[in-house]
Amino acid sequence: MPYKEYVTLNTGAKMPTVGLGTWKSKPGEVEHAVGYALKEAGYKHVDTAVKPDFSKDWLDTWKAMEKVYQEHPNKVKAIGVSNFSVEFLTRLLKEATIVPAVNQIELHLLGAFELSSGFHHAHHSASRSCPQDGERALCKENGIVVTAYSPLGSDNSPLLTNDVVVAIAKRHDVHPANILISLWANVDNTTVIPKSVSNTRIKNNSNIISLSDEESAELLRIAETRRYRACGPEWTGHGHLGFEDRKIPK
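One gets the numbering used here by counting positions in the sequence shown from 1 and adding 17 to each.
Here you go:
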């Protein structure tokens with residue numbers, strides 16, 4: 018799959034395929050990481066977050082964002098959502114005036130179920146963690162770009178020592194992290210935001226490899242039946258947020 022440096026959003030704006038993730042970065046560290054990424058490493062895409070107002074229905078928040086986008090077209094190039102399951106995104110699409118440009122979700126190979134290398138056979142009624150086939154299929158159907166956070170599997174990066182990942186990394190003479198990041202960067206309408214506060218890793222993470230279909234398929238077969246999330250939706254205080262894998266009794 019050929020790697021593209023940018024994706025085009027449904028607003029026509031272009032978004033860099035690789036950005037800097039900031040989740041769990043500590044105060045002080047995150048300022049340094051963002052400064053280095055922008056000034057030294059050539060990044061133009063940085064993950065940021067706004068604390069949600071849980072006293073309001075999130076749909077009201079989206080309508081307020083639509084208003085800002087419509088009133089300030091020269092400043093706001095696109096609006097999107099994060100951690101939206103099929104259930105929540107379906108509700109939003111029924112009510113929204115503006116279709117989200119992006120849905121940022123946890124996306125990695127831990128918890129993969131059988132998928133094709135091109136992702137064309139996923140059905141959005143059957144969401145899985147953590148390639149999130151259901152969410153990705155619904156986003157594709159509606160022209161919404163998916164942004165992948167925690168592409169390494171997050172805490173302690175458990176995928177970095179996987180035999181398949183290591184073998185493909187050796188084949189391309191790169192670090193295993195580059196393969197895990199490159200997988201999602203090779204997928205159409207997908208961007209990826211690996212997190213780091215290390216100058217070396219921030220720079221290295223932007224080294225994207227074009228993977229063959231066979232390599233992508235091999236990667237997607239990793240841990241086909243294991244469910245794992247680094248960032249469960251329960252942190253919001255609003256339960257499973259509609260993610261099917263979180264509804265399944267453990």
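Note that beta-carbon positions come from the ideal geometry of N, C-alpha and C, so glycine has one too.
Everything numeric in this text was worked out from a predicted model, so none of it was measured.
Name the DSSP beta bridge partners of residue 38, please? Here the question's residue 38 lines up with position 21 in the sequence shown. Answer is 212.
To the nearest angstrom, how far is the alpha carbon of residue 202 from that of residue 119? Walking along the sequence shown from the start, residue 202 turns up at place 185. Walking along the sequence shown from the start, residue 119 turns up at place 102. When rounded, the distance between both Cα atoms is 15 Å.
CB residue 20 to CB residue 225, shorter than 8 Å? In the sequence shown, the residue the question calls residue 20 occupies position 3. In the sequence shown, the residue the question calls residue 225 occupies position 208. Yes, the pair counts as a contact, with Cβ atoms nearer than the cut-off.
Nearest-angstrom Cα distance between residue 54 and residue 103? One-based indexing of the sequence shown puts residue 54 at position 37. One-based indexing of the sequence shown puts residue 103 at position 86. Distance between the alpha carbons of residue 54 and residue 103 is about 33 Å.
Tell me whether residue 43 is buried or exposed, calling it buried when 16 or more other Cβ atoms sit within 10 Å of its Cβ. For this step, residue 43 is matched to residue 26 along the sequence shown. So residue 43 counts as exposed.
Cutoff 7 Å; reference residue 93; Cβ partners in own chain excluding five residues on either side: Numbered from 1 along the sequence shown, position 76 holds the residue referred to as residue 93. Taken in chain order, the residues that qualify are 85 and 86.
Please report the straight-line C-alpha distance between residue 218 and residue 50, rounded to a whole angstrom. Indexing the sequence shown from 1 puts residue 218 at position 201. Indexing the sequence shown from 1 puts residue 50 at position 33. Cα to Cα, the separation comes out at about 10 Å.
Please check the pair residue 116 and residue 160, which I expect to be a contact at CB under 8 Å, by giving their CB distance rounded to whole angstroms. In the sequence shown, the residue the question calls residue 116 occupies position 99. In the sequence shown, the residue the question calls residue 160 occupies position 143. Yes, they are in contact, since the Cβ atoms of residue 116 and residue 160 sit about 7 Å apart, within 8 Å.
How is residue 80 classed by DSSP in three states: helix, strand or coil? Residue numbering aside, residue 80 sits at position 63 when the sequence shown is read from its first letter. In this structure, residue 80 counts as helix in the three-state DSSP scheme.
Does the region 152-159 come close enough to the region 182-198 that 3 or more CB-CB pairs lie under 8 Å? no
By the DSSP assignment, the alpha helix (DSSP H) with residue 193 in it spans what residues? Against the sequence shown, residue 193 aligns to sequence position 176. Looking at the DSSP string, the run of the alpha helix (DSSP H) that includes residue 193 is 193-202.
Could you say which of 80, 99, 72 and 57 lies nearest to residue 65 if we only look at CA atoms? The residue labelled residue 65 in the question sits at position 48 within the sequence shown. Nearest option by C-alpha distance: 99.
Quick test of your reading: residue 88 and residue 96, contact by CB under 8 Å. State the CB separation rounded to the nearest angstrom. Here residue 88 corresponds to residue number 71 of the sequence shown, with the count starting at 1. Here residue 96 corresponds to residue number 79 of the sequence shown, with the count starting at 1. With a Cβ gap of about 12 Å, residue 88 and residue 96 do not count as contacting.
For residue 72, count neighbouring Cβ atoms within 10 angstroms of its own Cβ and tell me buried if that reaches 16, exposed if not. In the sequence shown, counting from the first residue as 1, residue 72 sits at position 55. So residue 72 ends up on the exposed side.
Where residue 221 sits in the DSSP three-state scheme: Start at 1 with the first residue of the sequence shown, and residue 221 comes out as number 204. It is helical.
Specify, as a first and last residue, the run of the beta strand (DSSP E) that residue 31 falls within. Position 14 of the sequence shown, counted from the first residue, corresponds to residue 31. Note, residue 31: beta strand (DSSP E), 31-33.
Taking DSSP as the reference, what is the three-state secondary structure of residue 48? Counting from one through the sequence shown, the residue named residue 48 turns up at place 31. Three-state result, residue 48: helix.
Using 8 Å as the threshold, is the C-beta distance between residue 110 and residue 182 below it? As a position in the sequence shown, residue 110 is number 93, starting the count at 1. As a position in the sequence shown, residue 182 is number 165, starting the count at 1. No.
So, for residue 137: in the same chain, excluding its five sequence neighbours on each side, which residues have a beta-carbon less than 7 Å away from its beta-carbon? Looking up residue 137 in the sequence shown gives position 120. Note on residue 137: pLDDT 33, under 50, position unreliable in the model; the coordinate value appears next. Same-chain partners within the cutoff: there are none.
Return helix, strand or coil for residue 87, following the three-state DSSP convention. Position 70 of the sequence shown holds residue 87. In this structure, residue 87 counts as helix in the three-state DSSP scheme.
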